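**Q** Shown below is the structure under consideration.
Residue numbers (the working numbering): 14 to 323.
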């Protein structure tokens, strides 16, 4: 037999089928000297396991395809049995080990992911599915504590068991299955999970909500930091910036009422190519001016406009 193509036939000795000498069978000796050999492509036997008391030998170096002829005999002191030839095909005779399995309960269903057995001493991505094109899975599940098992055959590495009773523990087992060879492998250890209520949100939805909320909070924090930095920038710029102020001589000129009347006529005619800035002067009416309107004839003017050459 073989498991994942890693160990090849363990043989028993002392039986009539192996043609061991009568003297070896009747002595009841427990330790035997065993020779394993394999058939080389040049039709020459080569020793693999010699002088060993084990009843198995590792033939992983053999090609997984084709038929191989093995031979074995038993020895005790100077006596030995006849050679016994065994024809062995790794693809046909290997034992299919139990697949891996991941089970997750979502609402009233079980979501199952299967992992095909890996092949020993091969590339890490190689599994039994790479050897057998017809690879499938036999699944059986049952309520925990019940003897009634429900079989299911799956062609893919993912299966959903639906319409299960909520808040109930179900156990699941899986084995490899080769439909074209009508060959099954070993069952995996049972995995038990409890279903939940339909109203219970699946774990992935909870994770999605948490991630979305985290992203929104992060965006709001970034916007808040940006707004704060902008306000600080504006305040700093306003505090250190020099405001526009009228020259002192212009303030003194406007401070005399009789000057303000001649403001429009005090500027000479200018050339069209001259550049001017527009200046608007708005006078304020104080409380004392309201009580003595005769003392503030110049303040009645709502605005005086003039042009200042730049």
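Ideal placement from N, C-alpha and C gives every residue a C-beta, glycine not left out. Note that the structure is a prediction, hence the values are computed from the model and not measured.
Can you tell me whether residue 101 is buried or exposed? The criterion is at least 16 other CB atoms within 10 Å of its CB, across all chains shown.
**A** Here the question's residue 101 lines up with position 88 in the chain shown. Residue 101 should be labelled buried.
**Q** State buried or exposed for residue 54, treating a residue as buried only when at least 16 other CB atoms are found within 10 Å of its CB.
**A** The count along the chain shown starts at 1 and reaches residue 54 at position 41. Residue placement at residue 54 cannot be trusted, given a pLDDT of 47 that sits under 50; the coordinates are not used to answer.
**Q** Which runs of the beta strand (DSSP E) at least 3 residues long sit entirely within the segment 178-253? Give them in chain order.
**A** 182-191, 204-207
**Q** Do you know whose CA, among 147, 198, 183, 146, lies nearest residue 161's CA?
**A** Against the chain shown, residue 161 aligns to sequence position 148. Minimum Cα distance to residue 161 is reached at 183.
**Q** Along the chain, where does the beta strand (DSSP E) containing residue 267 start, and where does it finish?
**A** Locating residue 267 in the chain shown gives position 254, where the first residue counts as 1. Taken as a continuous stretch (DSSP letters only), residue 267 belongs to no beta strand (DSSP E), being part of the alpha helix (DSSP H) at 261-267.
**Q** State buried or exposed for residue 164, treating a residue as buried only when at least 16 other CB atoms are found within 10 Å of its CB.
**A** Sequence index remark: in the chain shown, residue 164 carries index 151 (1-based). Classification of residue 164: exposed, given that the 10 Å Cβ count is below 16.
**Q** Between the alpha carbons of residue 187 and residue 205, how many angstroms are there, rounded?
**A** Walking along the chain shown from the start, residue 187 turns up at place 174. Walking along the chain shown from the start, residue 205 turns up at place 192. Rounded to whole angstroms, residue 187 to residue 205 spans 12 Å at the Cα level.
**Q** Can residue 94 and residue 86 be called in contact, C-beta distance under 7 Å?
**A** Within the chain shown, the letter at position 81 stands for residue 94. Within the chain shown, the letter at position 73 stands for residue 86. Yes; because the gap between Cβ atoms is below 7 Å, this pair is in contact.
**Q** Kindly confirm or deny that the segment 168-181 and the segment 220-229 touch, where touching means at least three C-beta pairs closer than 8 Å.
**A** no
**Q** Counting only runs of 3+ residues fully inside the segment 83-129, write out the beta strand (DSSP E) ranges in chain order.
**A** 97-101, 113-119, 122-128
**Q** Pop quiz: residue 112 and residue 150 are said to be a contact at Cβ under 8 Å. What is the actual Cβ separation, rounded to whole angstroms?
**A** One-based indexing of the chain shown puts residue 112 at position 99. One-based indexing of the chain shown puts residue 150 at position 137. With 8 Å as the limit, residue 112 and residue 150 qualify as a contact, their Cβ atoms being about 7 Å apart.
**Q** For residue 27 and residue 97, what's the separation of their Cα atoms in angstroms?
**A** For the purposes of this step, residue 27 is taken as the residue at position 14 of the chain shown. For the purposes of this step, residue 97 is taken as the residue at position 84 of the chain shown. Note on residue 27: pLDDT 39, under 50, position unreliable in the model; the coordinate value appears next. Spanning the two alpha carbons is a distance of roughly 12 Å.
**Q** In terms of residue numbering, what span does the beta strand (DSSP E) encompassing residue 156 cover?
**A** For this step, residue 156 is matched to residue 143 along the chain shown. Note, residue 156: beta strand (DSSP E), 149-156.
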